[in-house]
Amino acid sequence: MSMNNHGNEEKRNIASINKDYVRSVERHEKRQKAHKVRLFRRLAAFAVLVVVVMGWLTYTMVNQSRVLAAKEDRKEQALQALEEVKDQQDLLNSQILKLNDDEYIAKLARKEYFLSDEGEIIFAIPEKEENEDKNNDSKE
C-alpha cells in the first residue's frame, strides 16, 4: 500500500510542463475523437442508405418477376387461342372450298334437304332406329 500512496504523491507533485502544448495535444485528441464519431455517423448513414436502396431494388425485381410471369401466362393463353382460331380458320377454308364444288353441294342437298335427281327415289330412315340397331348389334 505504501507504494500505491507513493505513486499518488508523485502525481500530485508533478508540475504541468508546457501547458500550451498539453492543451494543443488535448484539442488534437478531441478533434480526432470527434472526427471518428462523424466518420462513424457517415458510414452508418451510408449503410442505411445502401440497405434502403437494396431493399427497393429487391422489391422492384420481385414485383417485375411477378408481372413478367403473369404476362407470360397471358401470352401462352393468347397463343393457344390463336392456334384454336387458326384451326377453325383452316376448317372454314376447307368448307368454303367444298361449297365451291358443285358435286359436294348436290350431295349435301340430297342428304340435308332430301332433294333428288330425276328418277331417284329417296328413302328416309330415322336416325334413332339406326343408333338403336347399332347398339343392339354391339351388345350381342
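For the sequence shown, the numbering used here begins at 1 and goes up steadily by one. Glycine is no exception: its CB is placed at the ideal position from the N, C-alpha and C atoms.
### Query
With a CB to CB cut of under 6 Å and the five nearest residues on each side skipped, what residues in its chain are close to I122?
The residue you call residue 122 lines up with position 122 of the sequence shown. Once the five neighbours on either side are set aside, the close Cβ partners of I122 are F114, S116.
### Task
List the whole-angstrom C-beta distance separating I105 from L97, where the pair is believed to meet the contact cut-off of C-beta under 8 Å.
If you number the sequence shown from 1, residue 105 lands on position 105. If you number the sequence shown from 1, residue 97 lands on position 97. About 12 Å separates the two Cβ atoms, so there is no contact after all.
### Message
Rounding to the nearest angstrom, what Cα-Cα distance links K86 and L68 in this structure?
### Response
Taking the sequence shown and counting its residues from 1, the one referred to as residue 86 is at position 86. Taking the sequence shown and counting its residues from 1, the one referred to as residue 68 is at position 68. Those two C-alpha atoms are separated by around 26 Å.
### Query
Distance, Cα to Cα, H35 vs V48?
Locating residue 35 in the sequence shown gives position 35, where the first residue counts as 1. Locating residue 48 in the sequence shown gives position 48, where the first residue counts as 1. In a straight line, the C-alpha of H35 is about 20 Å away from that of V48.
### Length-filtered (4 minimum) alpha helix (DSSP H) runs lying within the segment 29 to 110
none
### Task
Please go through the same chain and pick out, in chain order, the residues whose beta-carbon is closer than 7 Å to the beta-carbon of A124, but skip the five residues on each side of it.
For the purposes of this step, residue 124 is taken as residue 124 along the sequence shown, with counting starting at 1. The residues are F114.
### Message
Quick check: the Cα distance between E76 and T58, rounded to an integer number of angstroms?
### Response
Position 76 of the sequence shown, counted from the start, is the residue given in the question as residue 76. Position 58 of the sequence shown, counted from the start, is the residue given in the question as residue 58. Cα to Cα, E76 sits roughly 27 Å from T58.
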